[in-house]
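Participant: My questions all concern the structure below.
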Amino acid sequence: MQTYAYGFPRLGENREFKKVTESYWKKAISESELKSGLKAIEENTLSTYENYVDKFPIGEMTMYDNMLDTAIMLGLKSYNTPDEYYELCRGKDALEMTKWFNTNYHYLVSEIEGVGFKAASNKPKCKLAEFNKGIPYFIGPFTFLKLSKGVDKEKFKEMLLSLTNTYVELIHEFEEVQFDEPAFVLELEADEIAAIKEAYKKFEGLNVKINLFTYYEAVDFLKDLYELPVAAIGLDFVNGKANLDNIKKVGFPEDKTLIAGLVDGRNIWRTDITSAAATLKELSSIAKNVIVSNAAPLYHLPVTIEGEDLDERLLSKISFAKERLNELKLIKDVFEGNSEAAAGWNKDAGDYGLNQQIKDKISNLKDGDFIKNTPYAQRNKMQREILKLPLFPTTTIGSYPQDKELRAKRAAFRKGSLSEADYKEFIKGKIDNLIKFQEDMGLDVFVHGEFERTDMVEFFAQKLDGIATTKKAFIISYGTRGYRPPIIYGEVSRPEPMTIEEVKYAQSLTEKTVKGMLTGPVTIIAWSFNRIDIPVEEVAYQIGLCLQDEVKDYEAAGIKIIQIDEAAYREKAPIKKKDWPKYFDWAAKCFNLSSISKPQTQIHTHMCYSEFGEIIDYICRMDFDCITIEATRSKGDIIKDFKKVNFERQIGLGVWDIHSPAIPSIEDMEEVVRCSLEALSKENFWINPDCGLKTRDWPETEASLKNLVTLAKKLREELK
Ligand code: GLN
Ligand code: ZN
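Numbering (the working numbering), first residue to last: 290 to 1009.
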C-alpha cells in the first residue's frame, strides 16, 4: 500500500510565507532574499512529504495563488519580476478575487473572454529541475476554465478543447503528473460531462500517467469519469460520503488506481485509524490498485499541533496537516496487518466539553421557539414610533478603522505590558471619539465601532464556553493572509454577557440610537472548525440560544436596534444544490432563534455577498426587520432579486464599496439609490456602506461618509 499526500500548507508553521513575502513588499529584504526565503519553505514542505509519504506533488508552491500561476502558464498573464507578479495579485489592476468552492480560501479569477491559450511557461517543469523530486502538479483544465470569468456557455466546449491542447504541450514530456479537478464535484450538466470526455481524449496518445484528484464532495458521474484516459483517480471519502456508496454500486476499473482520500483536509478531528483501515480493506476488494491519501488539500489546516497549548484532552483529539501525514502512515501500517501501529493515536477524551443539560435544552426546542409572535408589519409600526428615524436613515455596518495605534495597544495588552484596565480605558476613549465623529458626520443610527474585536468570529469564540481559540494555528485565506479558526469542541454556552458593556457605554454618550452588534451562528460555525459528533444544526441552535440571551441583555440595557451579522450565510451553503433545502432550513432557523426579541426591538442582519438571486427565498426566511447588503458591485441585479419576491421589509443597500480605497462621489451613490427605488419603496430604504470599515483609513472614511450623509439629506428633501 502506497501513501500519497498533497496540498501541504505553504503558510508555514510560524507563517514564514507571510513574513518573507510581506518583508519584501515593505522593501525590508531584497529580491534574492525573497527567492531564497520562499525556496526554504518549499524545501521544507518537500522534505516533510518525503519523511511521511511515498508520493507527493511538485510545483504546488506559489508566490500568491495557483489559479493565477495557471493563467500565467497558459499565457493569459505574464510577468518578469516579482513586483510585476505582485501587481497582478494586489496592484491597481489586480485580478478579481473570489471564494474557492465552499472553502474560506480565495483565488484570483482569470478573465478569458476573447483570448487564446499558449504554453507560455511551465512551473512544475522548472520546479522539478530545481528539486528533482515529486509529481508535477497542475490545476486541471476543466477546473481552471469552469472557475474563470467570461466563458460563454455556447463556447465552453470549444474553449475547453483548445485549452486542453495547451495542457498537452505542458505535460507531454513528463512521465507522471497530478491534475487537481475539484470542479468535477460540482453538479455538472450532461454537455459539460461530454465536453470533459472529449477534451481528455487528447491525453490518450501521450505517454504520461495522469493522477486525477477530485475533492470537497462526491463525483456524480463516476462511470463517465472511469472512461477518461487517466492512470489514477482520487476520490474524497470524507467530504464526499456518497463516493463510497457509488463505488460499491458501479465498481472500479481494473486498469486504474484508486487514490482513496481518507484523512480529512478540511477539519481537524483525528482520523479513526481502525475504521479508515477497514474502509481501505473494503475499497481494496472493489479496486485492484489502491493508494491511500488525504481527502481535500491540506492547506485548509494549520501546519502542526506541536507548540499549541490547548487543553491536553482537546489536543489529543486533533490532527493538523503534519499529523495528517502521520495518519496516512498509520492507516497503511494497520492495513498491512500491524494492528498495534495506531495504538494510542485515538484517545478517549471522556466527557470533556460535553454538557447534558445544554443538549437537553436543544432537544426540547419546539417549532414555536424559532418564531416571533408579532409579524413584521406590526413590529414595524411599533419600531417606527420608538425610533423616529428620518426617511433614508443612514448608518454603518459596525467596525471603524483599526489603525496602527489600536493595533499597538492591543499587542501591548496581549503581551502584558498594558493592563486590562488601561486597555479598556483606551477602548472607551475610542468609543468616545467615534460617537463624537458620528455626530459630526450627521449619521442617524450609530455603532460603537468594534474596536475591541480583531475578528468577528474569534472575538465571540473567546467569550463562549465550548469553543477554543489557538495561539498560532493559522490557515490561509488569500495571498499572505491567514486567520485562526476557533475550534468548537463541546456544548456552547455563554458564561456572561459578551458585548453589552461597550455598546451600553456608547449608548450612554448619545441621544441617537446605537446598534448592538453580534455575529450570527452560521458565520461562527463557517469560520471555525466544527465538532462532528453531533449534527451541525444542534451546534447552531446552541450558539443561537447564547445570542438570544445576549439580545435580551441588550434589551435590558436599553438598546433598541441589534444587528446580527451572517456574512457566511451563502458561503456555508453546500456545494451541491440538492443539499440546500436542508442546510438553509437550519441556517434560517438558528438566525431566528438568535433574534427572538421584543417586537419593539429592531433586528438587522448584514451579508456581504453580491449574488443574492439564487438564495433570495432563503434570505426571506430569516425574520429580520432590516437587511444591509453589498450592492455597489452588482447594482441592478440585486434589486431585481428583491423585487421578484416582493420584499416588504427594510433594506440598506451598500452604496459605498468599502473594499476599494476610492471615495465614492455623491453621484455614484445616488445612481445606486435611484435605480433601487424603482423596485423598493423609499420608506424602507436605508443608506450605508456595504461592509465594515475596519480596513479603511480615517480620512477616506470621513470623506465618504460626508458624501453619504449629504446624499441622504438631498434625497430626503426631494422625495419627502
Ligand atoms: N459588523 C462587521 C463589521 O463591520 C461585519 C463584517 C462583515 O460582514 N464581514 O466589521
Ligand atoms: Zn460585510
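Here a beta-carbon is modelled for each residue, glycine too, at the ideal position from N, C-alpha and C. Given the structure is predicted, the values throughout are model-derived calculations rather than measurements.
Between which two residues does the alpha helix (DSSP H) carrying Pro950 extend?
Facilitator: Run containing Pro950: none; DSSP gives neither H nor E here.
Participant: When you get a sec, list the residues whose CB is within less than 6 Å of any heavy atom of the ligand GLN, chain order please.
Facilitator: Taken from the N-terminal end onward, the list reads Ile686, Gly687, Ser688, Glu739, Met745, Met806, Asp854, Ala856, His895, Cys897, Cys980, Gly981, Lys983.
Participant: When burial is assigned at 16 or more other CB atoms within 10 Å of the CB, is Asn722 buried or exposed?
Facilitator: Per the 10 Å Cβ criterion, exposed.
Participant: Should Glu826 be listed as close to the ligand ZN, given that the test is whether its C-beta is under 8 Å from any heavy atom?
Facilitator: No.
Participant: If you measure between the beta carbons of Phe609 and Leu882, is that distance less than 9 Å?
Facilitator: No, Cβ-Cβ distance for Phe609 and Leu882 is not below 9 Å.
Participant: For Lys760, collect the residues of the same chain with a Cβ closer than 7 Å to its Cβ; drop the 5 residues on either side in sequence, then sort them by chain order.
Facilitator: The answer, listed in chain order, is Glu597, Asp598.
Participant: May I ask which residues mark the beginning and end of the beta strand (DSSP E) holding Asn578?
Facilitator: Note, Asn578: beta strand (DSSP E), 578–584.
Participant: Quick one, which of Gly639, Leu450, Ala815 has its alpha-carbon nearest Val746's?
Facilitator: Per the Cα distances, Ala815.
Participant: Using the Cα positions of Ala920 and Arg699, report the straight-line distance between them to the nearest angstrom.
Facilitator: The alpha-carbon atoms of Ala920 and Arg699 are separated by roughly 33 Å.
Participant: Does the beta-carbon of Glu919, which I'm using as the reference point, lie nearer than 8 Å to any heavy atom of the ligand FAD?
Facilitator: Looking for the ligand FAD in the displayed structure turns up nothing; the ligands present are the ligand GLN and the ligand ZN.
Participant: Which value, in whole angstroms, describes the spacing of the CA atoms of Thr984 and Ala697?
Facilitator: Taking the straight line joining both Cα atoms gives about 15 Å.
Participant: For Phe285, which of helix, strand or coil comes out of DSSP?
Facilitator: Residue coverage of the chain in this structure runs from 290 to 1009, which leaves residue 285 outside it and unanswerable.
Participant: Hey, would you say Val840 sits closer than 9 Å to Ser884, going by beta carbons?
Facilitator: Yes, Cβ-Cβ distance for Val840 and Ser884 is below 9 Å.
Participant: To which residues does DSSP link Leu501 through a beta bridge?
Facilitator: For Leu501, which the question treats as bridged, DSSP gives the partners Phe468, Ile522.
Participant: Mind checking Ala418: buried by the 16 CB within 10 Å criterion, or exposed?
Facilitator: By the neighbour-count rule (16 or more Cβ atoms within 10 Å), Ala418 is not buried but exposed.
Participant: Can you give, in chain order, each stretch of the beta strand (DSSP E) that sits fully within the region 364–416 and has at least 3 residues?
Facilitator: Listed in chain order, they are 385–388, 395–398.
Participant: Could you give the residue range of the beta strand (DSSP E) that holds Arg703?
Facilitator: Segment 693–704 is the alpha helix (DSSP H) holding Arg703; no beta strand (DSSP E) there.
Participant: How would you write the range of the beta strand (DSSP E) that Met896 sits in, first residue to last?
Facilitator: Here the beta strand (DSSP E) through Met896 covers 891–896.
Participant: Please say whether Arg859 and Tyr898 have beta carbons closer to each other than 9 Å?
Facilitator: Yes, they are a contact pair.
Participant: Please name the residue, chosen from Val497, Val527, Asn532, Asn528, that lies closest to Leu514 on a Cα-to-Cα basis.
Facilitator: For Leu514, the nearest C-alpha among the options comes from Asn532.
Participant: Between Leu475, Pro430, Pro978, Phe541, which has its C-alpha nearest Phe492's C-alpha?
Facilitator: The residue with the shortest Cα to Cα distance from Phe492 is Pro430.
Participant: So which of Ala630, Asp544, Asp733, Ala638 has the shortest CA-CA distance to Gly941?
Facilitator: Selected option, being the one with the closest Cα: Asp733.
Participant: With DSSP collapsed to three states, give me the class of Asp754.
Facilitator: Here Asp754 sits in strand by DSSP.
Participant: Who pairs with Cys915 in a beta bridge, going by DSSP?
Facilitator: Note: Cys915 sits in a beta bridge opposite His893, Gln939.
Participant: Can you give me the Cβ contacts of Lys416 inside the same chain, cut-off strictly under 6 Å, excluding the 5 residues immediately before and after it?
Facilitator: Cβ neighbours of Lys416 beyond the five flanking positions: Ile347, Gly348.
Participant: Starting from Met806, follow its DSSP beta bridges and name the residues at the other end.
Facilitator: In the DSSP output, where bridge partners are listed per residue, Met806 has Gln852.
Participant: According to DSSP, is Val457 part of a helix, a strand, or is it coil?
Facilitator: Helix, per DSSP.
Participant: Is Ile607 helix, strand or coil by DSSP?
Facilitator: Reduced to three states, the DSSP call for Ile607 is strand.
Participant: Taking the alpha-carbon of Thr292 as reference, which of Ile976, Lys606, Ala584, Phe873 has the nearest alpha-carbon?
Facilitator: Nearest option by C-alpha distance: Ala584.
Participant: Would Arg559 be called buried (16 or more neighbouring beta carbons within 10 Å of its own) or exposed?
Facilitator: Looking at its Cβ environment, which holds 16 or more other Cβ atoms inside 10 Å, Arg559 is buried.
Participant: With 16 other CB atoms within 10 Å as the buried threshold, where does Asp553 fall?
Facilitator: Looking at its Cβ environment, which holds 16 or more other Cβ atoms inside 10 Å, Asp553 is buried.
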